[in-house]
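Residue numbers (the working numbering), protein chains in the order written: chain Z, 3 to 278; chain S, 3 to 278; chain V, 3 to 278.
The structure appears below as structure tokens.
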Amino acid sequence: MADACIALLSDFGSQGAYAGVMKGVIAKRAPGTQLIDITHEIPPGDIRQAAFRLWQALPYFPEKTVFLAVVDPGVGTSRKPVAIRGEGFFCVGPDNGIFTYMLEGRGPATAVQIRIDEPGSNTFHGRDVFAPAAALLAAGADVARLGPPVEGLLSLAWPRLSISKRRDAIIGEMMCPDRFGNMVTSIGALTRIGDLLRLQPWTPGCESCEFPASKARVVTGHGQRLPVRQTFADVPVGKALAYIGSDNLLEIGVNQGSVADAFGLIPGAEISLAWG
Amino acid sequence: MADACIALLSDFGSQGAYAGVMKGVIAKRAPGTQLIDITHEIPPGDIRQAAFRLWQALPYFPEKTVFLAVVDPGVGTSRKPVAIRGEGFFCVGPDNGIFTYMLEGRGPATAVQIRIDEPGSNTFHGRDVFAPAAALLAAGADVARLGPPVEGLLSLAWPRLSISKRRDAIIGEMMCPDRFGNMVTSIGALTRIGDLLRLQPWTPGCESCEFPASKARVVTGHGQRLPVRQTFADVPVGKALAYIGSDNLLEIGVNQGSVADAFGLIPGAEISLAWG
Amino acid sequence: MADACIALLSDFGSQGAYAGVMKGVIAKRAPGTQLIDITHEIPPGDIRQAAFRLWQALPYFPEKTVFLAVVDPGVGTSRKPVAIRGEGFFCVGPDNGIFTYMLEGRGPATAVQIRIDEPGSNTFHGRDVFAPAAALLAAGADVARLGPPVEGLLSLAWPRLSISKRRDAIIGEMMCPDRFGNMVTSIGALTRIGDLLRLQPWTPGCESCEFPASKARVVTGHGQRLPVRQTFADVPVGKALAYIGSDNLLEIGVNQGSVADAFGLIPGAEISLAWG
Numbered sequence: 003m004a005d006a007c008i009a010l011l012s013d014f015g016s017q018g019a020y021a022g023v024m025k026g027v028i029a030k031r032a033p034g035t036q037l038i039d040i041t042h043e044i045p046p047g048d049i050r051q052a053a054f055r056l057w058q059a060l061p062y063f064p065e066k067t068v069f070l071a072v073v074d075p076g077v078g079t080s081r082k083p084v085a086i087r088g089e090g091f092f093c094v095g096p097d098n099g100i101f102t103y104m105l106e107g108r109g110p111a112t113a114v115q116i117r118i119d120e121p122g123s124n125t126f127h128g129r130d131v132f133a134p135a136a137a138l139l140a141a142g143a144d145v146a147r148l149g150p151p152v153e154g155l156l157s158l159a160w161p162r163l164s165i166s167k168r169r170d171a172i173i174g175e176m177m178c179p180d181r182f183g184n185m186v187t188s189i190g191a192l193t194r195i196g197d198l199l200r201l202q203p204w205t206p207g208c209e210s211c212e213f214p215a216s217k218a219r220v221v222t223g224h225g226q227r228l229p230v231r232q233t234f235a236d237v238p239v240g241k242a243l244a245y246i247g248s249d250n251l252l253e254i255g256v257n258q259g260s261v262a263d264a265f266g267l268i269p270g271a272e273i274s275l276a277w278g
Numbered sequence: 003m004a005d006a007c008i009a010l011l012s013d014f015g016s017q018g019a020y021a022g023v024m025k026g027v028i029a030k031r032a033p034g035t036q037l038i039d040i041t042h043e044i045p046p047g048d049i050r051q052a053a054f055r056l057w058q059a060l061p062y063f064p065e066k067t068v069f070l071a072v073v074d075p076g077v078g079t080s081r082k083p084v085a086i087r088g089e090g091f092f093c094v095g096p097d098n099g100i101f102t103y104m105l106e107g108r109g110p111a112t113a114v115q116i117r118i119d120e121p122g123s124n125t126f127h128g129r130d131v132f133a134p135a136a137a138l139l140a141a142g143a144d145v146a147r148l149g150p151p152v153e154g155l156l157s158l159a160w161p162r163l164s165i166s167k168r169r170d171a172i173i174g175e176m177m178c179p180d181r182f183g184n185m186v187t188s189i190g191a192l193t194r195i196g197d198l199l200r201l202q203p204w205t206p207g208c209e210s211c212e213f214p215a216s217k218a219r220v221v222t223g224h225g226q227r228l229p230v231r232q233t234f235a236d237v238p239v240g241k242a243l244a245y246i247g248s249d250n251l252l253e254i255g256v257n258q259g260s261v262a263d264a265f266g267l268i269p270g271a272e273i274s275l276a277w278g
Numbered sequence: 003m004a005d006a007c008i009a010l011l012s013d014f015g016s017q018g019a020y021a022g023v024m025k026g027v028i029a030k031r032a033p034g035t036q037l038i039d040i041t042h043e044i045p046p047g048d049i050r051q052a053a054f055r056l057w058q059a060l061p062y063f064p065e066k067t068v069f070l071a072v073v074d075p076g077v078g079t080s081r082k083p084v085a086i087r088g089e090g091f092f093c094v095g096p097d098n099g100i101f102t103y104m105l106e107g108r109g110p111a112t113a114v115q116i117r118i119d120e121p122g123s124n125t126f127h128g129r130d131v132f133a134p135a136a137a138l139l140a141a142g143a144d145v146a147r148l149g150p151p152v153e154g155l156l157s158l159a160w161p162r163l164s165i166s167k168r169r170d171a172i173i174g175e176m177m178c179p180d181r182f183g184n185m186v187t188s189i190g191a192l193t194r195i196g197d198l199l200r201l202q203p204w205t206p207g208c209e210s211c212e213f214p215a216s217k218a219r220v221v222t223g224h225g226q227r228l229p230v231r232q233t234f235a236d237v238p239v240g241k242a243l244a245y246i247g248s249d250n251l252l253e254i255g256v257n258q259g260s261v262a263d264a265f266g267l268i269p270g271a272e273i274s275l276a277w278g
């Protein structure tokens, strides 16, 4: 099918042939499909980071893109292989919660358990089960052809997000680092209660900002305080800041430096946005 | 030519422009060819690992794929640049043994020495010799057009594999690690004597298992013993096992851990599969 | 547009989703465009290395390739987003000097400041500004459609290159390392004064070599002397040499070793080619 697109994500790394072999399988079964790597450098078995990267990527891919995601520490166990039709996109991968974030708030989704006709390996379902299923979807097959319906997909825990008792701070957690030393937090768009907390003010282009931004500050679990600014150049080189990143999430950064080096912050560490 | 596919493998790494430049050369000469990276992270000059990755990848790529493999420590010397037509695939690269494993047992192959018309660099035949040749093949040219026939391709040594004197163990060697900390051994499909040794019993789906699997154990060169199991979940977290990997080779792994960390095993180390 | 090609370069690394998201944006807006990565592993913010890699890659890509280059430490400041039509190619990226080397000596270029219609992020213009612009160019749009003309693009400093007072040596500097431990210098093709200095003799295939190659030697800033040879095999394993690399620049290498390990040479260190 002309213009079909498969977006690939895995924890296979780039040293071996695994990611390339999945692409070979697709090229063989659905010639002409455009193959785009989101990343293959998810830390081994880190389903949560994988779920986050898929959530980040989804809005920017063409209509009908098939997201083939293989972070699969349970391969060879009874965890189900699934294919999902969402509103305008497809997902193929293990039923381990990896699609939780990207499916949230995007309308009804239909999931099937992928039927395994030929016995393949116990350790490489990316090649033997998921890539063939993704190729079928890219070639125009309906998900229903891939297997019987499955109810109750496994759901990943949501990133921590709550409001303080005195209602003067939002408490979240550190998520993923990027290559530049910045780190995304759970505070912002990737939340179910975001709207209630009036987080919209940070949305770029928002015109009715009710949040007292001038009083805002970010406080780490160790008590360090960071100003909330528009962009890196608003603080001197080497100084830390919080800002709204390109995913509409609060991020922590150091102008030409690294948050991990400066604060020892790791994914999961508490962070709060206070305005009291 | 629509649907032509070139699979690339090299030791160029991803920091520089080398791999991208090879693709530019191909896009210029054979527009529309699908370019799929197997990997560019072969350790510099490691022809044997390159040969193994090509062997792993071959069965999963489309008919007529051109495998462009540039691990070429002898570039600039008298080693020959070659193009090979195998049964259903092509190879382009240096004649240094890199295609030995993928050509084994796959029917007759025709090799030519690539004629070098324009003087190029002494150090980057990937760009100046091999990518143009691969582009010609992808565009439908016959290998004979690329240069005169060459006999006696250089052959790589085969991975170690023998049977013990008492005929109660197969002795092999450790091959390549993967990103997850597992390591492939030479015991299994990638052998010329595999059939004789009745290694088929481990082939997934085999029904006539004559091998006494219950008695089987793997013994490292340091004397550690590992059980042979189906998959990781069959041993506790942190425990080692041997299993048949996705290439039908015996692999050594640690459930959510690393073989190299646990046993200090490196490629080339002796490993045996015993059943006495 | 069939056969359109976009070549991507950035400092995004491969751990995150950034490079993949840029490709998603392009696939959405210019379906069927061939996407080729030059590299995404430019050291963060290293505009000069980015400029060098673009210069290396340009000659090998198809006519009309769009070079989308995002090494953009000034994102969110007043630095201009630009699109450039050169002779046979296009550039899209920040106006921070990244295109200096590739534009040099390649005829007139027309630059426009990319008009930003929709407010996007302050931190990811690769996704919100540059990828959409590159997609438009790949789809056949004229650069003039992207925004108003801009004069006086920012220019990067040129690599150091001078002739000694006694006119018996060319003094240059170390540029970028490659994965094999070799390092490119500024002496050779990437210079404005190369012609004057009669550097042509090293050009492979040159027949009228006026340079006394037999007397030539390379001297590091620490006083080490290296012979000038054709290729690695001309010196014993472990020995250093200088040679003309695949970009027609003088390179320093160690046969099966690393220049950085052997001499502690880093980018910017002085190097000279002497013949007196």
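Cβ coordinates follow ideal geometry from the N, Cα and C atoms, glycine included.
A quick note: this is a predicted structure, and the numbers were derived from the prediction, not measured.
Our two residues, Z/ILE189 and Z/ASN257, have alpha carbons roughly 21 Å apart in a direct line.
At a cut-off of 8 Å between beta-carbon atoms, Z/ASN98 makes no contact with chain S. Residues of chain S with a Cβ closer than 7 Å to the Cβ of Z/LYS25 are, in chain order, ILE38. Taking 8 Å as the cut-off, the beta carbon of Z/ALA29 is found no closer than this to the beta carbon of S/ARG55.
Identification of chain S residues near V/CYS7 by a Cβ-Cβ cut-off of 7 Å yields ALA29, ordered along the chain. In the structure shown, the three-state DSSP call for V/PRO134 is helix.
Boundaries of the alpha helix (DSSP H) around V/PHE265: 261-265. Residue Z/LEU148 holds the alpha-carbon nearest to the alpha-carbon of Z/ASP119 among Z/LEU148, Z/ARG108, Z/ALA53. Pairing Z/ILE100 with Z/ALA53 gives a Cβ-Cβ distance under 8 Å. Judged by beta-carbon spacing, Z/VAL72 lies beyond the 8 Å limit of Z/SER16, meaning their Cβ atoms are not closer than that value. Within the same chain, and ignoring the five residues on either side of S/ARG162 in sequence, the residues whose Cβ sits closer than 8 Å to its Cβ are ILE173, GLY174, GLU175, SER188, GLU272. Excluding its 5 nearest sequence neighbours in each direction, Z/VAL221 has C-beta neighbours in its own chain below 7 Å: ARG227, SER274, ALA276, listed in chain order. Taken atom to atom, the span from the alpha-carbon of S/ALA85 to that of S/ALA135 is near 8 Å.
Under the criterion of beta carbons closer than 8 Å, S/PRO151 and S/VAL114 qualify as touching, at roughly 6 Å. Chain order gives no chain S residues near V/PRO151, where near means a beta carbon separation below 8 Å; the closest approach is about 29 Å.
Counting only runs of 3+ residues, the beta strand (DSSP E) found wholly inside the region 35-112 of chain V occupies 36-41, 67-72, 83-87, 91-96, in chain order.
DSSP, reduced to helix, strand and coil, places S/ILE246 within a strand of the structure shown. Check the Cα spacing between S/ALA159 and each of S/ARG181, S/THR67, S/TYR103, S/MET185: the tightest is with S/TYR103. The residues GLY90, in chain order, have a CB closer than 6 Å to that of Z/GLU65 in the same chain once the five nearest residues on each side in sequence are set aside. Z/VAL186: member of the beta strand (DSSP E) spanning 185-190, first to last residue.
Here V/VAL239 is exposed: its Cβ has fewer than 16 other Cβ atoms, across all protein chains shown, within 10 Å.
A straight-line Cα-Cα distance of about 7 Å links V/HIS127 and V/VAL77.
Excluding its 5 nearest sequence neighbours in each direction, Z/ALA6 has C-beta neighbours in its own chain below 6 Å: THR35, ALA140, listed in chain order. Close to S/GLU43, with beta-carbon spacing below 7 Å, are these residues of chain Z in chain order: SER16, GLN17.
For the pair S/ALA9 and S/ILE40, the CB atoms are nearer than the 8 Å cut-off. Inclusion of S/GLY88 and S/ARG108 in the CB contact set at 8 Å is warranted, their separation being smaller than that value. Distances from the CA of V/LEU105 to each of V/ALA137, V/PHE69, V/ALA32 were compared; the closest alpha carbon is that of V/PHE69. S/ASP130 and V/ARG181 have their C-alpha atoms roughly 19 Å apart.
Chain Z places no beta carbon closer than 8 Å to that of S/SER12, leaving this residue out of the contacts. Taking 8 Å as the cut-off, the Cβ atoms of Z/THR79 and S/ALA244 do not count as close. The continuous alpha helix (DSSP H) containing V/GLY26 extends over residues 20-31. When DSSP assignments are scanned along the region 131-185 of chain S, the uninterrupted stretches of beta strand (DSSP E) that are 3 or more residues long and fall wholly within it turn out to be 163-165, 171-179.
When the five nearest sequence neighbours on each side are left out, the beta carbons in the same chain lying within less than 7 Å of the beta carbon of V/PRO46 are those of ASP13, in order along the chain. Rounded to whole angstroms, the separation of the alpha carbons of S/ARG219 and Z/ILE268 is 41 Å. Listed by position along chain Z, the residues whose Cβ is nearer than 8 Å to that of S/GLY225 form an empty set, because the closest Cβ is around 26 Å away.
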